[in-house]
Amino acid sequence: MWTFFHKLSSPQYLYAWSGRLIPWLIGASLVFMIAGLVGGLVLAPPDYQQGDSYRIIFIHVPSAWMSLFIYMVMAGSAAIGLIWRIKVAEMVASASAPIGASFTFLTLVTGSLWGKPMWGTWWVWDARLTSELILLFLYLGFIALQAAIEDRRTAARAGAVLVLVGVVNIPIIHYSVEWWNTLHQGPTVTKLAAPSIHLSMLVPLLIMALAFMLYYAGTVLMRVRCEMLERERNSRWVQDLVRQP
Amino acid sequence: MSLSEFLHMGGYALYVWSSYTVALIVLLANVLNPYFRKKRLIRELARKARLRSRIR
Numbered sequence: 001m002w003t004f005f006h007k008l009s010s011p012q013y014l015y016a017w018s019g020r021l022i023p024w025l026i027g028a029s030l031v032f033m034i035a036g037l038v039g040g041l042v043l044a045p046p047d048y049q050q051g052d053s054y055r056i057i058f059i060h061v062p063s064a065w066m067s068l069f070i071y072m073v074m075a076g077s078a079a080i081g082l083i084w085r086i087k088v089a090e091m092v093a094s095a096s097a098p099i100g101a102s103f104t105f106l107t108l109v110t111g112s113l114w115g116k117p118m119w120g121t122w123w124v125w126d127a128r129l130t131s132e133l134i135l136l137f138l139y140l141g142f143i144a145l146q147a148a149i150e151d152r153r154t155a156a157r158a159g160a161v162l163v164l165v166g167v168v169n170i171p172i173i174h175y176s177v178e179w180w181n182t183l184h185q186g187p188t189v190t191k192l193a194a195p196s197i198h199l200s201m202l203v204p205l206l207i208m209a210l211a212f213m214l215y216y217a218g219t220v221l222m223r224v225r226c227e228m229l230e231r232e233r234n235s236r237w238v239q240d241l242v243r244q245p
Numbered sequence: 246m247s248l249s250e251f252l253h254m255g256g257y258a259l260y261v262w263s264s265y266t267v268a269l270i271v272l273l274a275n276v277l278n279p280y281f282r283k284k285r286l287i288r289e290l291a292r293k294a295r296l297r298s299r300i301r
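Protein chains in written order, with the numbering used here: chain A, 1 to 245; chain B, 246 to 301.
And the structure:
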């Protein structure tokens with residue numbers, strides 16, 4: 001078990017291993033996405049208050065969960081990279097940023113498209129929306145910072161500090177709907193009492209969340225592989241790899 | 246439920262379908278971007294490796 005993890009921290013081994021895994025992750029994600037869409041768009045009944053507009057939830061909520069989850073993965077791997085100087089951890093952190101930013105963007109756009117028919121406005125400066133927007137800026141700031149520093153190890157260290165400071169925003173986003181009076185509705189699923197959502201809507205929602213999780217795993221490995229090729233371009237294994245016809 | 250009823254989304258077609266379209270574009274872009282980046286990288290590195298072996 002430990003030897004397996006040890007091997008994974010070697011770029012050469014991780015490159016080969018993830019190359020075999022990626023098609024399965026993306027494929028499984030696609031299957032779950034289709035299942036979730038059929039469940040959410042066709043099988044689930046309209047909401048008794050919001051009609052069919054609530055169907056945006058199947059993109060909006062899993063995206064929002066992913067935007068927070070990916071940030072935590074980024075912070076965790078950035079910390080590991082900062083403390084133990086493990087290159088693969090640094091790569092996971094920088095590879096996660098564009099995907100996390102994408103999910104944050106999706107959350108904001110779908111939220112806006114949901115807010116217009118339900119609240120009558122595309123945007124309000126309410127606590128939930130504003131803190132999620134700050135999350136997008138944290139992602140973009142991290143990407144810009146890494147791009148601005150030539151040396152990859154220095155870039156990783158500077159980025160890690162930014163990401164770790166930004167972690168303070170995560171509980172703010174999560175609890176914003178409880179701490180402040182917001183226009184945004186309270187949590188539907190992630191609370192201690194039973195979820196206030198019917199099973200016919202909850203099941204496709206969770207399937208979509210699983211699909212997004214697998215999608216993230218697949219795409220982050222794709223990006224980590226690119227990072228490896230770039231960073232290790234002069235190493236023996238990359239040279240052997242590119243010389244093969 | 247008929248197809249046109251399904252596409253109509255109870256009057257919320259614009260909001261629901263634009264959400265799903267944006268999601269499709271963003272998700273697709275995040276797969277295609279690293280896919281082509283890797284192809285380009287390997288091609289570039291292979292070209293440099295060939296040049297280097299010719300110099301030697």
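Cβ atoms here follow ideal geometry from the backbone N, Cα and C, with glycine treated the same way.
**Study point:** Cross-chain neighbours of L252(B) in chain A, by beta carbon under 8 angstroms
**Key:** Stepping through the second sequence from its first residue, residue 252(B) is reached at position 7. Those do not exist, as L252(B) stays about 11 angstroms from chain A at its closest Cβ, beyond 8 angstroms.
Exercise for review: In the DSSP assignment, find the alpha helix (DSSP H) that holds H294(A) and state where it starts and stops.
Suggested key: Given a span of 1 to 245 for chain A in the structure shown, any question on residue 294(A) remains unanswerable.
Check your understanding: What whole-angstrom Cβ distance do A64(A) and G159(A) have, given they're in contact under 8 angstroms?
Key -> The residue labelled residue 64(A) in the question sits at position 64 within the first sequence. The residue labelled residue 159(A) in the question sits at position 159 within the first sequence. Actually they do not touch by this definition, with Cβ atoms about 23 angstroms apart.
Review point. Got a sec: which bits of the stretch 263-285 of chain B sit with their beta carbon under 9 angstroms from any beta carbon on chain A, in order along the chain?
Key: S263, S264, Y265, V267, A268, V271, L272, A274, N275, V276, N278, P279, Y280, R282 and K283
**Study point:** Proximal residues of chain A, C-beta to C-beta of I287(B) below 8 angstroms
**Key:** Stepping through the second sequence from its first residue, residue 287(B) is reached at position 42. Within chain A, the residues near I287(B) are L229, L241 and V242.
Practice item. Taking all protein chains shown into account, decide if P23(A) is buried (16 or more other Cβ within 10 angstroms of its Cβ) or exposed. Key: Residue numbering aside, residue 23(A) sits at position 23 when the first sequence is read from its first letter. It is exposed - the Cβ of P23(A) has fewer than 16 other Cβ atoms within 10 Å.
Review point. When DSSP labels each residue in this structure, what does D52(A) get in the three-state scheme?
Key: On the first sequence, residue 52(A) is found 52 positions in, with the first residue counted as 1. Correct three-state label for D52(A): coil.
Check your understanding: At least one CB of chain A closer than 8 angstroms to the CB of L290(B): is that the case?
Key -> For the purposes of this step, residue 290(B) is taken as the residue at position 45 of the second sequence. At least one chain A Cβ lies under 8 angstroms of L290(B).
Exercise for review: Have a look at W122(A), H6(A), L202(A) and T3(A) and flag the residue whose alpha-carbon is nearest the alpha-carbon of D47(A).
Suggested key: As a working note, residue 47(A) is residue 47 in the first sequence. That would be L202(A), whose Cα lies nearest to the Cα of D47(A).
Review point. Taking all protein chains shown into account, do 16 or more other C-beta atoms lie within 10 angstroms of the C-beta of G81(A), making it buried, or fewer, making it exposed?
Key: Position 81 of the first sequence, counted from the start, is the residue given in the question as residue 81(A). Looking at its Cβ environment, which holds 16 or more other Cβ atoms inside 10 Å, G81(A) is buried.
Check your understanding: What is the rounded straight-line gap between the Cα of P11(A) and the Cα of F5(A)?
Key -> Residue 11(A) sits at position 11 when you count from the first residue of the first sequence. Residue 5(A) sits at position 5 when you count from the first residue of the first sequence. Cα to Cα, P11(A) sits roughly 12 angstroms from F5(A).
**Study point:** Cα-Cα separation between R225(A) and L21(A), rounded to whole angstroms
**Key:** Along the first sequence, one-based indexing puts residue 225(A) at 225. Along the first sequence, one-based indexing puts residue 21(A) at 21. One C-alpha to the other measures close to 12 angstroms.
Review point. Quick one, are the C-beta atoms of L210(A) and F32(A) less than 8 angstroms apart?
Key: Here residue 210(A) refers to the residue found at position 210 when the first sequence is read from its first residue. Here residue 32(A) refers to the residue found at position 32 when the first sequence is read from its first residue. In contact: L210(A) and F32(A) (Cβ atoms closer than 8 angstroms).
Review point. Using DSSP with H/G/I as helix, E/B as strand and the rest coil, what is D126(A)?
Key: One-based indexing of the first sequence puts residue 126(A) at position 126. In this structure, D126(A) counts as coil in the three-state DSSP scheme.
**Study point:** Y139(A) and G76(A) closer than 8 angstroms at C-beta
**Key:** Within the first sequence, residue 139(A) is the residue found at index 139, counting from 1. Within the first sequence, residue 76(A) is the residue found at index 76, counting from 1. Taking 8 angstroms as the cut-off, the Cβ atoms of Y139(A) and G76(A) do not count as close.
Practice item. Taking only the alpha-carbon atoms, compute the straight-line gap between K116(A) and W122(A) and give it to the nearest angstrom. Key: Numbered from 1 along the first sequence, position 116 holds the residue referred to as residue 116(A). Numbered from 1 along the first sequence, position 122 holds the residue referred to as residue 122(A). If you take the alpha carbons of K116(A) and W122(A), they lie about 5 angstroms apart.
Point to revise | Rounded separation between V61(A) and I70(A) - CA only | key: Residue numbering aside, residue 61(A) sits at position 61 when the first sequence is read from its first letter. Residue numbering aside, residue 70(A) sits at position 70 when the first sequence is read from its first letter. Their backbone Cα atoms lie some 14 angstroms apart in a straight line.
Practice item. Could you name the residues of the same chain whose beta carbon sits closer than 6 angstroms to that of L136(A), not counting the 5 residues immediately before and after it, in chain order? Key: Within the first sequence, residue 136(A) is the residue found at index 136, counting from 1. Result list for L136(A): T104, in chain order.
Practice item. Along the alpha helix (DSSP H) that carries A97(A), what are the first and last residues, could you check? Key: As a first step, residue 97(A) is located in the first sequence; it is residue number 97 there, counting from the start. Segment K87 to W119, the alpha helix (DSSP H) holding A97(A).
Review point. Does the beta-carbon distance from M66(A) to S96(A) come in below 8 angstroms?
Key: Looking up residue 66(A) in the first sequence gives position 66. Looking up residue 96(A) in the first sequence gives position 96. Result no, Cβ atoms of M66(A) and S96(A) do not sit closer than 8 angstroms.
Check your understanding: Listing by chain order, which chain B residues have their CB less than 9 angstroms from the CB of M222(A)?
Key -> One-based indexing of the first sequence puts residue 222(A) at position 222. Those within 9 angstroms of M222(A) in chain B are N275, V276, N278, P279, Y280, R282 and K283.
Exercise for review: Below 8 angstroms between beta carbons is the criterion; list the residues of the stretch 40-61 of chain A that meet it against any residue of chain B, in chain order.
Suggested key: L41, V42, P46, G51, D52, S53, R55, I56, I59 and H60
Point to revise | First and last residue of the uninterrupted alpha helix (DSSP H) at R233(A) | key: On the first sequence, position 233 is the one that residue 233(A) refers to. Here R233(A) belongs to no alpha helix (DSSP H), and DSSP marks it neither H nor E.
Point to revise | Contacting residues, own chain, Cβ-Cβ under 6 angstroms from R128(A) (five flanking each side not counted) | key: Your numbering for residue 128(A) matches position 128 in the first sequence. Same-chain partners within the cutoff: S176, V177, T182 and H184.
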